[in-house]
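In this note's numbering, the protein residues as written are 217 to 425.
Note that CB positions come from ideal geometry on N, CA and C, so glycine has one too.
Taking it in order: structure first as structure tokens, then the write-up.
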């Protein structure tokens with residue numbers, strides 16, 4: 217793989233799923249390379265992934281291009297994915313995490329929990345991805361397989377919890393209503409802008425094309 221090829225390729229996203237009920241406790245998978253593995257600790261899992269990536273690409277581990285790393289863990293009975301390393305631009309991710317942990321009644325959180333519960337009842341494991349409103353849709357699309365579905369959550373300018381479901385082009389949407397957005401610039405549109413431009417309310421489901 218040439219340097220030009222690497223620059224043109226989508227970024228490698230690796231998701232570390234932390235679940236103490238499984239062994240090893242930290243399992244990972246990556247996209248688009250679809251590498252999988254696991255280890256007892258996050259540090260060991262990160263090392264294992266880089267070794268696997270080096271073996272796949274034939275590039276020394278210390279010369280590998282940067283990857284986008286995410287961690288998944290259960291928070292207040294919700295599977296939550298957050299980005300590892302690097303400071304978030306606006307700091308709203310911390311606000312969103314605190315909202316997900318709130319014990320008191322929160323209409324947005326109650327609605328989100330209700331939809332996640334219906335997904336769990338179908339035998340699925342729904343995941344909430346904490347994002348910032350100025351992140352582009354592509355930042356989420358590159359961490360999804362074509363049959364994935366993710367629930368995006370962020371705190372808007374009014375400090376309200378905002379969320380929507382994003383389905384891959386081959387994902388099973390079940391019986392729920394879904395909004396098709398025909399926008400050639402969709403990957404570059406900020407998530408917050410997407411919600412405002414198309415008047416998306418909490419619970420809206422959007423399918424990528």
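Among the options, which has the Cα closest to the Cα of residue i?
| i | options | result |
| --- | --- | --- |
| residue 300 | 414, 231, 420 and 361 | 231 |
| residue 408 | 356, 229 and 362 | 356 |
| residue 234 | 244, 332 and 285 | 244 |
| residue 333 | 360, 292 and 362 | 292 |
| residue 226 | 358, 378, 367 and 376 | 358 |
| residue 361 | 378, 388 and 259 | 388 |
| residue 323 | 339, 378, 259 and 391 | 378 |
| residue 326 | 264, 259, 351 and 294 | 294 |
| residue 289 | 376, 344 and 339 | 344 |
| residue 390 | 414, 413 and 339 | 339 |
Below 8 angstroms CB to CB, which residues in the same chain sit around residue i once its five sequence neighbours on both sides are set aside?
| i | result |
| --- | --- |
| residue 416 | 380, 395, 410 and 422 |
| residue 399 | 405 |
For residue i and residue j, I'd like the C-alpha separation in whole angstroms.
| i | j | result |
| --- | --- | --- |
| residue 283 | residue 249 | 11 angstroms |
| residue 241 | residue 341 | 17 angstroms |
| residue 275 | residue 335 | 40 angstroms |
| residue 403 | residue 425 | 10 angstroms |
| residue 374 | residue 272 | 46 angstroms |
| residue 384 | residue 365 | 6 angstroms |
| residue 261 | residue 229 | 14 angstroms |
| residue 279 | residue 255 | 23 angstroms |
| residue 176 | residue 386 | The question about residue 176 has no answer, for the chain in this structure spans 217 to 425. |
| residue 350 | residue 264 | 32 angstroms |
| residue 413 | residue 239 | 44 angstroms |
| residue 376 | residue 281 | 37 angstroms |
| residue 392 | residue 367 | 14 angstroms |
| residue 309 | residue 259 | 23 angstroms |
Classify residue i: buried if its beta carbon has 16 or more other beta carbons within 10 angstroms, exposed otherwise.
| i | result |
| --- | --- |
| residue 382 | buried |
| residue 348 | buried |
| residue 257 | exposed |
| residue 220 | Here the model assigns residue 220 a pLDDT of 39, short of 50, so the residue's position is not dependable, and the following value carries that caveat. Under this definition residue 220 is an exposed residue. |
| residue 246 | buried |
| residue 237 | exposed |
| residue 252 | exposed |
| residue 223 | For residue 223, the pLDDT reaches just 48, beneath the cut-off of 50, and the residue's location in the model is therefore unreliable, although a value from the coordinates is still provided. Residue 223 should be labelled exposed. |
Whose C-beta lies closer than 6 angstroms to the C-beta of residue i among residues of the same chain, with five residues either side of it excluded?
| i | result |
| --- | --- |
| residue 312 | 346, 369, 370 and 371 |
| residue 286 | 231, 297 and 299 |
| residue 337 | none |
| residue 329 | none |
With DSSP collapsed to three states, give me the class of residue i.
| i | result |
| --- | --- |
| residue 242 | strand |
| residue 253 | strand |
| residue 234 | strand |
| residue 385 | coil |
| residue 359 | coil |
| residue 365 | strand |
| residue 229 | strand |
| residue 380 | strand |
| residue 341 | coil |
Counting only the same chain and skipping the five closest in sequence on each side, list residues whose C-beta sits under 7 angstroms from that of residue i.
| i | result |
| --- | --- |
| residue 277 | 266, 267 and 270 |
| residue 353 | 402, 403, 405, 407 and 410 |
| residue 331 | 419 |
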